[in-house]
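S.K.: Pasting in a structure now, in structure tokens, and then I'll have a few things to ask.
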Amino acid sequence: MAAPKDKPISLRTERAKRSGFKAAEGARAGFPATRLRRNRRSDWTRRLVRENTLSTDDLIWPLFLIDGDKKRTPIAAMPGVERLSIDLAVKAAEEAATLGIPAIALFPYTEASLRDETASEAVNPTNLVCRAVRAIKREVPDIGIICDVALDPYTSHGHDGVLVDGEVDNDRTIEVLVAQALVQAEAGCDILAPSDMMDGRIGAIRAALEEHGFPKALILAYAAKYASSFYGPFRDAVGSGAKLKGDKLGYQMDPANGAEALREVALDIAEGADMVMVKPGLAYLDILWRVKDAFHVPTFVYQTSGEYSMMVAAAERGWLDRDRVMMESLMACKRAGADAVFTYFAPDAARKLKG
Ligand code: PBG
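For our numbering, add 42 to where a residue sits in the sequence shown, where the first one is 1.
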């Protein structure tokens, strides 16, 4: 509370006197009546006044799949993250469930021989992702499974859609995305997560799900997904990076735009999304805040491969404390309004939270 100018406050501490502190001036600034450090002094006060919390319920663990048996292959730019064959992915799902992580997200590394111009492997009901969903559902029935609906792991050119005259064709791509979503739903996927940024795909997928007997399937729309350079390590992980010709600026959002994200989210909700995503995370927390503030719908954020790699690489050099930046970055996502965070740190963060 600021004191009136003409009424000097007589209460002056010894310490304030010594420092030449003038009560009236300080009171006008709120000090010393207000000392924000009082609440920060002890662990117990910090816990009492804490505004946000992070729990294992907030974590979604992205897993990379590869064909084979008992096979794990490292991803150079993502130390600690590996592509797993289905049997090992089942083990990872069990671990996630034990740690209390509510859901995992599956991303396939597709053999080069199975990639083509139109992503035909994406709609194969026995493709790697569909087989993994079936196996995990059978062995770990209580964990949520999220599948990416996008064509980039399946195209020979690395784009998220079908090219017509050298350009990703929106409506032709939607036809394939719908078929992809249906084989994933059929396999038992709980949440379909279109990450492709075609216009109108949420409505088309929702209509197809209703029509084909999947009214309970959830849709998590990557609604505000930016054409970001933070996806680099992911593209190596799914093997699309080296193949990608050009960039994704023609369908993913311009990093310079904020208001446009709100239009994207409004459309996806109207078309039938149950949850929306903002991606990437740390560099886009303003967008996350605006989306949550405007729509009050379940809003997730993707702490992308590049964010993970930056933190882990710096920690490997001894420049950052891995555990601390991990927890701080996840808490920042919560503070900005995230209901859950896709993070490659999920199992480590869960273990940390369990103490
Ligand atoms: C595919 C997809 C991408 C990511 C998730 N789904 C890459 C891209 O759009 O190029 C990025 C995830 C990450 O960087 O961790 N559409």
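No residue lacks a Cβ here, since even glycine has one placed at the ideal position from N, Cα and C.
My guess is that F256 and T346 are in contact by the Cβ rule of under 8 Å, so how many angstroms apart are they, rounded?
M.R.: Taking the sequence shown and counting its residues from 1, the one referred to as residue 256 is at position 214. Taking the sequence shown and counting its residues from 1, the one referred to as residue 346 is at position 304. Wrong, their Cβ atoms sit about 29 Å apart, outside the cutoff.
S.K.: Answer yes or no: the CB of A355 versus the heavy atoms of the ligand PBG, is any distance below 7 Å?
M.R.: As a position in the sequence shown, residue 355 is number 313, starting the count at 1. Answer for A355: no, Cβ out of range of the ligand PBG.
S.K.: For my contact list, I187 and L148 are in at a C-beta cut-off of 8 Å; report their separation, rounded to the angstrom.
M.R.: On the sequence shown, position 145 is the one that residue 187 refers to. On the sequence shown, position 106 is the one that residue 148 refers to. Right, the Cβ-Cβ distance comes to about 7 Å (below 8 Å), so this counts as a contact.
S.K.: At what residues does the alpha helix (DSSP H) containing R214 begin and finish?
M.R.: Translated into the one-based positions of the sequence shown, residue 214 becomes position 172. Residues 212-229.
S.K.: Looking at S347 and the ligand PBG, is the gap between the Cβ and the nearest heavy atom below 7 Å?
M.R.: The residue labelled residue 347 in the question sits at position 305 within the sequence shown. Yes - the ligand PBG has a heavy atom lying nearer than 7 Å to the Cβ of S347.
S.K.: For E124, I'd like the list of residues in its chain whose CB is within less than 8 Å of its CB, leaving aside the five on either flank, ordered along the chain.
M.R.: Translated into positions along the sequence shown, residue 124 becomes position 82. Once the five neighbours on either side are set aside, the close Cβ partners of E124 are F106, R114, T115, P116, I117.
S.K.: Can you list, in chain order, the stretches of the alpha helix (DSSP H) that have 4 or more residues and sit fully within the segment 108-180?
M.R.: Within the segment 108-180, the complete alpha helix (DSSP H) runs of at least 4 residues are 128-141.
S.K.: Let's see if you can read the secondary structure: which residues bound the alpha helix (DSSP H) around V91?
M.R.: Residue 91 sits at position 49 when you count from the first residue of the sequence shown. Counting along the chain, the alpha helix (DSSP H) containing V91 begins and ends at 85-91.
S.K.: Counting only runs of 3+ residues fully inside the segment 245-288, write out the beta strand (DSSP E) ranges in chain order.
M.R.: As far as the segment 245-288 is concerned, its whole beta strand (DSSP E) runs of at least 3 residues are 260-267.
S.K.: Which residues in the same chain have their Cβ closer than 7 Å to the Cβ of G23, if we skip the five residues on either side of it in sequence?
M.R.: Given that the chain is displayed from residue 43 to residue 397, the structure contains no residue 23 and the question cannot be resolved.
S.K.: Report the residue ranges of all alpha helix (DSSP H) runs contained in full by the segment 298-330; include only those spanning at least 4 residues, in chain order.
M.R.: You should have 301-313.
S.K.: I think A308 touches V218, with their Cβ atoms under 8 Å apart; what is that distance to the nearest whole Å?
M.R.: Position 266 of the sequence shown, counted from the first residue, corresponds to residue 308. Position 176 of the sequence shown, counted from the first residue, corresponds to residue 218. Going by Cβ atoms, the distance from A308 to V218 rounds to 25 Å, so no, they are not a contact pair.
S.K.: Is F398 helix, strand or coil by DSSP?
M.R.: Since the displayed the chain opens at 43 and closes at 397, residue 398 lies outside it and no answer follows.
S.K.: Quick check on the burial criterion: 16 or more other C-beta atoms within 10 angstroms. Buried or exposed for G397?
M.R.: In the sequence shown, counting from the first residue as 1, residue 397 sits at position 355. That one is exposed.
S.K.: Since I102 and A382 are thought to touch, with beta carbons under 8 Å apart, how far apart are those beta carbons, to the nearest angstrom?
M.R.: As a working mapping, residue 102 is identified with position 60 in the sequence shown. As a working mapping, residue 382 is identified with position 340 in the sequence shown. Right, their Cβ atoms sit about 5 Å apart.
S.K.: Can you round the beta-carbon distance between C172 and V220 to whole angstroms, since I take them to be within the 8 Å contact cut?
M.R.: To locate residue 172, count along the sequence shown from 1; it is residue 130. To locate residue 220, count along the sequence shown from 1; it is residue 178. Actually they are not in contact, since the Cβ atoms of C172 and V220 sit about 15 Å apart, beyond 8 Å.
S.K.: DSSP state of I51, grouped into three classes?
M.R.: Mapped onto the sequence shown, residue 51 falls at position 9. Below a pLDDT of 50, predicted positions are generally treated as unreliable, and I51, at 46, falls in that range; the measurement from the model is reported next regardless. Three-state DSSP puts I51 in coil, outside helix and strand.
S.K.: Between the Cα of D365 and the Cα atoms of K376, P389, R377, which residue gives the shortest distance?
M.R.: Position 323 of the sequence shown, counted from the first residue, corresponds to residue 365. That would be P389, whose Cα lies nearest to the Cα of D365.
S.K.: Could you tell me whether any non-hydrogen atom of the ligand PBG is closer than 7 Å to the CB of K287?
M.R.: Counting from 1 along the sequence shown, the entry for residue 287 is found at position 245. Incorrect: K287 has no Cβ contact closer than 7 Å to the ligand PBG.
S.K.: For the alpha helix (DSSP H) containing V354, list its first residue and its last residue.
M.R.: The count along the sequence shown starts at 1 and reaches residue 354 at position 312. Looking at the DSSP string, the run of the alpha helix (DSSP H) that includes V354 is 347-358.
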